[in-house]
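**Student:**
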Amino acid sequence: MSARAVAVALVAAVFLLVILVARSLRFPPDLPADSDHRRGQGAEECLSCHGPEGTSPRGKNHPLNDQCFNCHSWPAQR
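FYI, numbering that gives the first Met the number 0 numbers position 4 of the sequence shown as 3, with every residue one higher than the one before it.
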């Protein structure tokens, strides 16, 4: 393998490592500690406001998963 090929492979490996680390450091937001979010503990309570017809629907890039607590948590639990 030539020195140039090794250098290109090394740069590509570092680039991929940086991307993987950056993706792993992104956390979903914590649940707000207000009275609206302390009402319930189930996805049905979340989706009453954050469902498609709710007052504050999920963003277009939000996963369609209805298991809210797999990603979101109370601030003290992290």
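The C-beta atom is built at its ideal place from N, Cα and C for all residues, glycine as well.
Give me the Cα-Cα distance between E43 and L19, rounded to the nearest whole angstrom.
**Tutor:** One C-alpha to the other measures close to 33 Å.
**Student:** Check this for me: beta carbons of S55 and C45, under 7 Å apart or not?
**Tutor:** No, they are not a contact pair.
**Student:** Just to confirm before moving on: does the CB-CB distance between H71 and L30 stay below 7 Å?
**Tutor:** Yes.
**Student:** Spell out whether any CB of chain C is found under 7 Å from the CB atom of E43.
**Tutor:** Here chain C cannot be found, since the structure has a single protein chain.
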